[in-house]
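Numbering (the working numbering), first residue to last: 756 to 994. Positions of the beta carbon are idealized from the N, C-alpha and C atoms, including for glycine.
Structure follows, in structure tokens:
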């Protein structure tokens, strides 16, 4: 994986999910990409370090997901977000803003400007990335559902189908492994009571995520997308 737009074999990307990471820190770009892969999101990544590289990258490929770091040296993530929103080739891209822990006002502005979700850089984890991606898909799906533009609905359906085909099998395997481990924990007499209660909560969350993936499988077979509204995907509230 190399920064910039000189990526390997664009034709090989046609059947793979694509993601663009905009961050002026190479170590942070690598960390985010690594966590995505561990989360079962096997993206073909393009990395850029700033606005100038971003302009070129947007012309090269239409991305499924675009991670935008807010702090880009002399520029900001909001400027990058505007470039993405105004680019005719990125209409279907899911934009996710990556911010610092004390930038909630910027998160609100980013969401109003078109971001589908956000990530707190200091709290990046496999779980936070999975939750952000699923929440972002839900928001885009809701927007497509209420939109009068049939083209938008079709495009969102196509994006969800790509996510399901690429990510769902891996996510299902991870969740089933977790459920098996939770079952052993609950059955262990030495496990303290509070840990068993925690295991039950985690087990319920895993079940809801599996239900969501199953709903997505059904969704892509329907003509008119309808959003899954499970509790697992309830709207996020800034704390």
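Measuring alpha carbon to alpha carbon, tell me which residue in the options is nearest residue i.
i           : options            : result
residue 855 : 870, 825, 802      : 825
residue 866 : 885, 781, 830, 894 : 894
residue 788 : 811, 809, 820      : 820
residue 868 : 851, 874, 883      : 851
residue 815 : 844, 886, 832      : 844
residue 813 : 786, 776, 794      : 776
residue 879 : 786, 891, 848      : 786
residue 793 : 889, 882, 891      : 882
residue 724 : 849, 804, 846, 884 : Outside the displayed span of the chain (756 to 994) sits residue 724, for which this structure offers no information.
residue 783 : 892, 818, 827, 842 : 827
residue 870 : 891, 885, 886, 877 : 891
residue 811 : 842, 886, 771, 875 : 842
residue 771 : 795, 780, 781      : 795
residue 832 : 877, 857, 861      : 861
Around the C-beta of residue i, are 16 or more other C-beta atoms found within 10 angstroms, so that it is buried, or is it exposed?
i           : result
residue 807 : exposed
residue 778 : buried
residue 802 : buried
residue 799 : buried
residue 872 : buried
residue 837 : exposed
residue 774 : buried
residue 980 : With a pLDDT of 45 at residue 980, under the threshold of 50, the modelled position of this residue cannot be trusted; read the value that follows with caution. The residue is buried, with at least 16 neighbouring Cβ atoms inside 10 Å.
Mind checking who residue i pairs with in its DSSP beta bridge?
i           : result
residue 852 : 823, 873
residue 800 : 774
residue 882 : Per DSSP, none; premise fails for residue 882.
residue 830 : 827
Report, in whole angstroms, the separation of the C-beta atoms of residue i and residue j, which I expect to be a contact under 8 Å.
i           : j           : result
residue 853 : residue 822 : 6 Å
residue 835 : residue 809 : 6 Å
residue 847 : residue 817 : 7 Å
residue 884 : residue 790 : 6 Å
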